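Trainee: Numbering (the working numbering), first residue to last: 134 to 624. Where a beta carbon is used, it is the ideal one built from N, C-alpha and C, also for glycine. Just so you know, these numbers come straight off a predicted model, no measurement behind them.
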Amino acid sequence: LLTRPIASVAVPGRASANASGGLSAYELERLENIRSNELKLAALGLLETRDAVCMAGRSRSVVGASRKRRASPEPPTRASGRLKGDDPQYSGLDEVEPADGVRSELAAGEVVPPGRVMATEAEALPQPDARDLQLLRLLGGDLQPAEAAGSDVSAHEKGAAALLSGCVLHEAMVVKVLKKAVVHLQFHPRSDLLLVAAADTDGHVSFWNANRDASKPSDGVHLYRPVPQGISGLRWGLRSTEALFCASYDGTVRCLNVEMRAFATLHVSTEHAWSAFALDGAAATMWLGTTKGSLCAVDPRTGLVCEKVVRSHGLKINSLSLDDHGRPWLLASSSSDASVMVWDVRKMGARAGPVVTIALPKATQAAEWAPDGSGRLAVTCFDDRLRILPLGDRITGDPISAPEAEPLINHRTSTGRWLLPFRAIWTAGADAILCGGMERTCEVFSASTGERLASLSSSLMTAVPSRIATHVRGRAVACATGSGHVHIFEV
């Protein structure tokens, strides 16, 4: 072990610490700088200003100091009567007054049967206002009113394309009917009405009566929300009591029942999300497509599946169309898997297959049969082309090859991410097809040559119309945009 004492080591800056009152060289230098600064402030006359700033910085509020609160009245103390052993109070729920007015008492544990109501049937129904009653009377009227003397509906239908070139848009025919983008648009089948039904992606259904009385302040719009999710299909009913059918992505199908004054639920599925909807001409079968490419049929009278689910496409089914005016057993389905299939609904089953399969370069948004029964199919594809397929008498029941499009129309259909995809539709006379345009127009193309016949536009239509509907007489065209507005061009 070392026995010698350790030599002291001199630390710079601390050599004269003891001689200067215990302060180091750094502290002595700091004091000297403070004295120098005070002399400079005194020479400039800023000592009083410095003292005032220091005093202002010291006046701070006390953090965490409690404030006096106003005394608030204490709520009454609630105690459980059951724990106290008190007898239950009478709530009046053990008596039911049926429609006949006779009071009946229920026994302990008895459940009220579905047929018994609390009041009369009229009182149990929802009570609409005067505008809703007027709409219900209009929807519940005759679907085929007598035409005026000397009118020729067929002449209007045959010359639909020629009439559309002279369509104009008036300011009174522009109304916002929905809060969000219109995804489905249908004219009422009555030829003497200008009544449209529209649906959006939020479950809203709107009715717009364009034949409203101009002297009244109402714009003729009736807005409802029968489902909590988006509407995937919209079709007018053929009976006076069943006004409108709608399918939803929540797996339900509902119908506006005029007598019940409500949207009645016809079918509920907990397994499938309906993405497409079609109704046959007799309103006896509803065809539904799913987001996974399956296809099935439902009886609206019972709400049961009458044709089992068939896996038809690989991806979502976007549209379904029945050839009601020609061969009503032909069903066309378009899908995001870039194909269009035609089915014979008389031969549906677990092993059923399409009679025609049309492969396309990109996804298809719509495939609609011509309303004249000619068997032509208008197909909308994302490859910037509109196709008219002349299937006609080629479908005999056995699978056939897809025919060539006649004509093949060049039209921009790639709408991008923020616009709804276009869906081409037929005119009332099936002599032309209509489709929205990216220049905020509605384009009219000849069904025989593919030539552009007209381009409907107006300064009042400030957005791209993604959905188009034509009147049954061909005298009006409705264009719906992503802002929820509907524009009706009239001849």
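Cα-Cα, which of I528, E539, H544 is closest to T513?
Mentor: Per the Cα distances, H544.
Trainee: Measure the beta-carbon distance from V605 to A563 and round it to whole angstroms, keeping in mind my assumption that it falls under 8 Å.
Mentor: About 12 Å; that fails the 8 Å criterion.
Trainee: What number of angstroms, rounded off, separates the C-alpha of P246 from the C-alpha of G436?
Mentor: Confidence in P246 is poor, its pLDDT being 47 and thus under 50, which makes the residue's placement unreliable; the coordinate value appears in the next sentence. So the two alpha carbons sit approximately 22 Å from each other.
Trainee: Is DSSP giving G283 helix, strand or coil here?
Mentor: Here the model assigns G283 a pLDDT of 39, short of 50, so the residue's position is not dependable and the matter cannot be decided.
Trainee: Taking 8 Å as the threshold (C-beta atoms), are L493 and V475 in contact?
Mentor: It is not a contact, given that the beta carbons lie outside the stated cut-off.
Trainee: For S468, which option in F410, W559, V391, A417 has the closest C-alpha, if you only look at C-alpha atoms?
Mentor: The option with the nearest alpha carbon to S468 is F410.
Trainee: CA-CA distance, P433 and D346?
Mentor: Rounded to the nearest angstrom, the two C-alpha atoms are 35 Å apart.
Trainee: Classify T182 as helix, strand or coil using the three-state DSSP reduction.
Mentor: Helix, per DSSP.
Trainee: On a Cα-Cα basis, can you pick out the residue from P359, A343, G569 that is closest to G353?
Mentor: Of P359, A343, G569, the residue nearest in Cα terms is A343.
Trainee: Starting from the C-beta of T418, find all residues in its chain whose C-beta is less than 6 Å away, skip the five residues before and the five after it, and write them out in chain order.
Mentor: Only A430 meet the Cβ criterion.
Trainee: Going by Cα to Cα distance, which pick from F340, K217, V438, A499 is closest to A465?
Mentor: Nearest C-alpha to A465: A499.
Trainee: Sorted by chain position, which residues of the same chain lie with C-beta nearer than 6 Å to S581's C-beta, five sequence neighbours on each side aside?
Mentor: So the list is empty, once near-sequence residues are dropped.
Trainee: Since Q267 is in the beta strand (DSSP E), which residue starts that stretch and which ends it?
Mentor: No beta strand (DSSP E) holds Q267; the alpha helix (DSSP H) holding it covers 263-272.
Trainee: Indicate whether V624 and L412 have their beta-carbon atoms separated by less than 8 Å.
Mentor: Going by C-beta atoms, V624 is not nearer than 8 Å to L412.
Trainee: Compare the C-alpha of W502 against each of T403, S452, K173 and name the closest.
Mentor: Of the listed residues, the one whose Cα sits closest to W502 is S452.
Trainee: By Cβ distance below 7 Å, which residues in the same chain neighbour R444 in space, the five residues on each side in sequence not counted?
Mentor: Cβ within range, chain order: G426, S427.
Trainee: So, helix, strand or coil for A611, using DSSP?
Mentor: Looking at A611 - three-state DSSP - the assignment turns out to be strand.
Trainee: Could you tell me which of G508, T334, C300 sits nearest to R608, measuring between CA atoms?
Mentor: If we check each option's Cα against that of R608, C300 comes out closest.
Trainee: Taking only the alpha-carbon atoms, compute the straight-line gap between L399 and E375 and give it to the nearest angstrom.
Mentor: Their Cα atoms are separated by approximately 11 Å.
Trainee: Would you identify the three-state DSSP class for E254, choosing helix, strand or coil?
Mentor: Residue placement at E254 is poorly supported in this model, since its pLDDT is 46, which falls under 50; the coordinates are not used for a value here.
Trainee: Any idea if W551 is buried or exposed, counting beta-carbon neighbours within 10 angstroms, 16 or more meaning buried?
Mentor: Classification of W551: exposed, given that the 10 Å Cβ count is below 16.
Trainee: What ranges does the beta strand (DSSP E) occupy inside the stretch 342-399, keeping only unbroken runs of at least 3 residues that lie completely in it?
Mentor: Counting only runs of 3 or more, we get 354-357, 364-369, 375-381, 385-390.
Trainee: Of the choices T423, H446, G336, whose alpha-carbon is the least far from that of D470?
Mentor: Closest by alpha carbon: H446.
Trainee: Going straight from the alpha carbon of V386 to that of T210, what length do you get?
Mentor: The straight-line gap from Cα to Cα measures roughly 49 Å.
Trainee: Identify every residue that forms a DSSP beta bridge with F622.
Mentor: Beta-bridge pairing links F622 to V610.
Trainee: As a quick exercise: from L266, S454, T423, pick the residue whose alpha carbon is nearest that of V442.
Mentor: If we check each option's Cα against that of V442, T423 comes out closest.
Trainee: Assuming V316 contacts R600 (C-beta within less than 8 Å), just tell me the rounded distance between them.
Mentor: Contact flag correct, Cβ pair sits at about 7 Å.
Trainee: Unbroken alpha helix (DSSP H) runs of length 4 or more, entirely within the stretch 400-450: which are they?
Mentor: As far as the stretch 400-450 is concerned, it has no whole alpha helix (DSSP H) run of at least 4 residues.
Trainee: Are the beta-carbon atoms belonging to T490 and A538 less than 8 Å from one another?
Mentor: For T490 and A538, no; Cβs fall outside 8 Å.
Trainee: Which two residues bound the contiguous alpha helix (DSSP H) that contains G570?
Mentor: Per DSSP, G570 belongs to no alpha helix (DSSP H); it is in the beta strand (DSSP E), 565-570.
Trainee: Compute the beta-carbon to beta-carbon distance between V338 and P359, rounded to the nearest angstrom, for a pair I have assumed lies under 8 Å.
Mentor: Yes, V338 and P359 are in contact; Cβ-Cβ is about 6 Å, under 8 Å.
Trainee: Rounded to whole angstroms, what's the CA-CA distance from A415 to R215? Just pull it up for me.
Mentor: In a straight line, the C-alpha of A415 is about 59 Å away from that of R215.
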